Amino acid sequence: MSQITLNHITAQYDGNADVVFEDCSVVFPQGWTALLGDNGIGKTTLASIATGDLTPEQGNVSNANLRAAWIQQDASCAPANIEDFGADWSSATIRMRDTLGIGDDWPYRWETLSGGERKRLQVACALALEPEVLVADEPTNHLDQPTRDAVIAALRQYRGIGIVITHDVAVINELAQRSYLLHRIHTNAGNKTAVDLFEGTWEVIHHELEQRNATATTQLKLAKAETRRLHAERQKRIEKTNQAAAASMRTPDRKDHDACKRKKFAKGGLDAGVSRNVARLEGRINQAAQATTGITTEAKRRTGAVQFDVEPSSRRELMHLEPGIIDFATAQWSAADGQVTQYAATLDGTTLNLDRSGEADTAFAAVTIPRISVGPRDRLIITGPNGAGKSTLLKALVTTLDQSIPTLVVTQHTADAHALLQQLDELNAEQRQQAIGYFVAQNGKAQALLDESALSPGECRKLQLALGLVAGPQLLILDEPTNHLDLSSKQAMVTMLQAYPCAMVLVTHDQLLLDAFTEE
Numbered sequence: 001m002s003q004i005t006l007n008h009i010t011a012q013y014d015g016n017a018d019v020v021f022e023d024c025s026v027v028f029p030q031g032w033t034a035l036l037g038d039n040g041i042g043k044t045t046l047a048s049i050a051t052g053d054l055t056p057e058q059g060n061v062s063n064a065n066l067r068a069a070w071i072q073q074d075a076s077c078a079p080a081n082i083e084d085f086g087a088d089w090s091s092a093t094i095r096m097r098d099t100l101g102i103g104d105d106w107p108y109r110w111e112t113l114s115g116g117e118r119k120r121l122q123v124a125c126a127l128a129l130e131p132e133v134l135v136a137d138e139p140t141n142h143l144d145q146p147t148r149d150a151v152i153a154a155l156r157q158y159r160g161i162g163i164v165i166t167h168d169v170a171v172i173n174e175l176a177q178r179s180y181l182l183h184r185i186h187t188n189a190g191n192k193t194a195v196d197l198f199e200g201t202w203e204v205i206h207h208e209l210e211q212r213n214a215t216a217t218t219q220l221k222l223a224k225a226e227t228r229r230l231h232a233e234r235q236k237r238i239e240k241t242n243q244a245a246a247a248s249m250r251t252p253d254r255k256d257h258d259a260c261k262r263k264k265f266a267k268g269g270l271d272a273g274v275s276r277n278v279a280r281l282e283g284r285i286n287q288a289a290q291a292t293t294g295i296t297t298e299a300k301r302r303t304g305a306v307q308f309d310v311e312p313s314s315r316r317e318l319m320h321l322e323p324g325i326i327d328f329a330t331a332q333w334s335a336a337d338g339q340v341t342q343y344a345a346t347l348d349g350t351t352l353n354l355d356r357s358g359e360a361d362t363a364f365a366a367v368t369i370p371r372i373s374v375g376p377r378d379r380l381i382i383t384g385p386n387g388a389g390k391s392t393l394l395k396a397l398v399t400t401l402d403q404s405i406p407t408l409v410v411t412q413h414t415a416d417a418h419a420l421l422q423q424l425d426e427l428n429a430e431q432r433q434q435a436i437g438y439f440v441a442q443n444g445k446a447q448a449l450l451d452e453s454a455l456s457p458g459e460c461r462k463l464q465l466a467l468g469l470v471a472g473p474q475l476l477i478l479d480e481p482t483n484h485l486d487l488s489s490k491q492a493m494v495t496m497l498q499a500y501p502c503a504m505v506l507v508t509h510d511q512l513l514l515d516a517f518t519e520e
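Each residue of the sequence shown is one higher than the one before, counting from 1 in the UniProt record's numbering.
Structure follows, in structure tokens:
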């Protein structure tokens with residue numbers, strides 16, 4: 001068991017004539033390989049072919065019969081081996097329990113576990129099977145940072161062939177040794193899915209992809225320009241030759257027999273010269289045309305670059321809280337008065353991090369905060385584990401906001417697709433065009449706006465933000481805005497938000513978002 005090799009694979013979706021990918025060759029060696037790409041591009045299909053769960057239309061797979069296990073994205077159902085895991089107290093399983101922070105009673109109370117606790121137990125049960133191949137489908141999706149770190153630490157202990165499907169930068173940077181990026185490229189014959197191997201962090205991959213595409217785009221422009229120039233040169237030579245021929249063909253005096261002979265020979269010489277010149281140019285034109293067909297570029301997608309016509313508030317301060325505590329039960333601020341709380345917030349530059357205090361079990365159910373102030377151009381990033389009081393703190397902060405300040409609040413819960421499309425329809429033509437522009441800038445698919453059934457949770461997320469931006473808010477309050485987004489859409493949203501000139505408060509666990517705004 002050294003590796004799984006997929007040779008010249010062509011695959012289609014069940015009951016669909018559209019090809020997912022064709023003539024694709026990839027290798028999955030021991031260690032972790034990440035599969036990256038837009039939602040619906042074929043990552044799960046590729047992993048299923050590698051494990052032998054799907055058979056490709058063409059091509060072959062070596063070692064497709066290895067023992068495989070999956071860590072499914074959905075953690076609603078208990079793992080099949082959960083009882084065996086609960087009874088297993090081997091040294092390896094004890095280490096796994098410690099790494100993932102699994103309580104002794106967790107296997108016996110699955111229904112009462114939180115989403116993060118279920119994911120920890122799901123990962124542990126999959127690892128306990130000791131499979132030869134392990135596929136982890138978005139194992140850190142919607143997890144807070146402590147749970148995400150624990151899951152990554154546990155997966156790093158796996159020594160078989162690991163395939164992780166992910167949109168999480170932390171997983172790419174901290175777990176994967178290599179990554180296959182599935183992305184749409186444009187060729188002369190149309191768009192198709194390419195599968196390219198990259199090594200390094202997401203930042204390295206993203207930079208290399210941009211450089212590669214910029215080079216290919218430049219080469220394509222030059223090749224097309226050369227083709228146009230040669231076509232123009234051919235036409236110019238033909239016209240000059242025709243002019244010369246017309247001049248040489250003027251009818252001579254019939255009695256001048258020498259002139260008649262010269263006319264005959266001149267016509268033959270011109271015809272031969274034209275043929276040679278045109279033939280040479282046709283060869284060069286064909287070479288230039290072939291050069292354009294051999295160049296592939298990234299299929300058209302949006303990068304998030306957009307200009308906003310909105311000015312920051314003229315107020316010196318939009319929101320503030322003095323040092324004190326926020327009660328989890330009431331979301332109200334009060335002076336600390338020496339009380340010990342379960343959680344404490346620390347402000348590091350633009351990042352407000354909430355974490356458990358040393359006496360969390362016996363302390364008051366509240367979070368201790370420093371002074372918090374949000375100015376007209378400030379960015380405030382709120383992060384911390386689930387249950388630390390991020391949403392409660394946000395509620396308390398919003399109570400200090402003057403209601404006259406135009407504000408956009410996007411909660412963690414995605415709005416209904418029908419309601420969003422109805423809101424879009426109610427805009428006037430100019431506003432609708434603006435909203436669609438913001439939507440597409442986030443790598444949204446414009447055709448999805450024609451049918452609410454085509455609006456995925458990620459597309460709804462983009463449309464929700466786009467509609468809110470039309471009003472020109474001077475304050476954005478966004479709770480986990482990158483939920484449900486693939487990597488390219490996250491990157492586009494980050495680029496767009498970075499360009500927004502007004503105040504912004506972000507609640508997030510997303511490493512890409514954290515890195516982007518803490519490095520500004």
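For glycine and all other residues, C-beta sits at the position ideal for the given N, C-alpha and C.
Predicted model only: the values in this text are computed from it and were never measured.
query, result
"Extent of the continuous beta strand (DSSP E) run through E22", "19 to 29"
"Q511 classed as buried or exposed, judged by whether at least 16 other C-beta atoms fall within 10 angstroms", "buried"
"DSSP beta-bridge partners of W32", "G162"
"Inter-residue spacing [alpha-carbon to alpha-carbon] between E233 and Q447", "42 angstroms"
"Own chain, CB closer than 7 angstroms to residue 523, minus 5 neighbours either side, in chain order", "There is no way to answer for residue 523, as the model of the chain reaches only from 1 to 520."
"CA-to-CA distance, M96 to A466, given in whole angstroms", "43 angstroms"
"Sequence-distant residues of the same chain with beta carbon closer than 6 angstroms to L421, five excluded per side", "E452"
"Whole beta strand (DSSP E) elements within the stretch 338 to 366, 3-residue minimum", "341 to 348, 351 to 356"
"Reduced DSSP secondary structure (H/G/I, E/B, other) of H207", "helix"
"Best match in L380, S314, D53, T368 for proximity to Q332 [C-alpha to C-alpha]", "T368"
"Whole-angstrom distance between Q235 and A415, CA atom to CA atom", "59 angstroms"
"Where L127 falls: helix, strand or coil (DSSP)", "helix"
"Exposure label - K390; buried when at least 16 CB within 10 Å", "buried"
"Per DSSP, the bridge partner or partners of K192", "I185"
"Exposure label - S91; buried when at least 16 CB within 10 Å", "exposed"
"DSSP three-state assignment for L506, whether helix, strand or coil", "strand"
"Neighbourhood of A388 by C-beta, 6 angstroms cutoff - its chain only, sequence neighbours within 5 removed", "Y343, L354"
"Cβ neighbour criterion (16 or more within 10 Å) applied to E138", "buried"
"Near the ligand HEM: L143 beta-carbon under 6 angstroms from a heavy atom", "Looking for the ligand HEM in the displayed structure turns up nothing, as the structure carries no ligands at all."
"Rounded straight-line distance, which links the Cα of N191 to that of S114", "42 angstroms"
"Proximity below 7 angstroms, CB of P501 to CB of P376", "no"
"P406 beta carbon less than 7 angstroms from that of Q474", "yes"
"Endpoints, the alpha helix (DSSP H) within which N81 is located", "Counting along the chain, N81 falls outside any alpha helix (DSSP H), and DSSP gives it neither H nor E."
"When G103, P131, T350 are compared against Q121, the one with the closest alpha-carbon", "In the sequence on display, residue 121 carries Leu and not Gln. Among G103, P131, T350, the Cα nearest to that of L121 is on G103."
"Presumed contact (8 angstroms Cβ cut-off) between I41 and L182, rounded CB distance", "5 angstroms"
"Buried or exposed (CB count within 10 angstroms, at least 16 for buried), H418", "exposed"
"Minimum C-alpha distance to E111 - residue among C125, V306, A78, S373", "A78"
"DSSP-derived helix/strand/coil call for L230", "helix"
"7 angstroms Cβ cutoff met for residue 560 and L449", "Missing from the structure shown is residue 560; the chain here goes from 1 to 520 and no further."
"According to DSSP, residues forming a beta bridge with L197", "Y180"
"Straight-line Cα distance separating V171 from W202", "9 angstroms"
"6 angstroms Cβ shell around H484 - same chain, five flanking residues per side excluded", "P457, G458, R461"
"Minimum C-alpha distance to E130 - residue among A68, L497, V374", "A68"
"Proximity of A441 and V470 at Cβ, strictly below 7 angstroms", "no"
"Whole-number beta carbon distance between T218 and M319, since they are thought to touch under 8 angstroms", "The pair is not a contact, with the Cβ atoms about 47 angstroms apart (cut-off 8 angstroms)."
"Simplified DSSP state of R461, which is helix, strand or coil", "helix"
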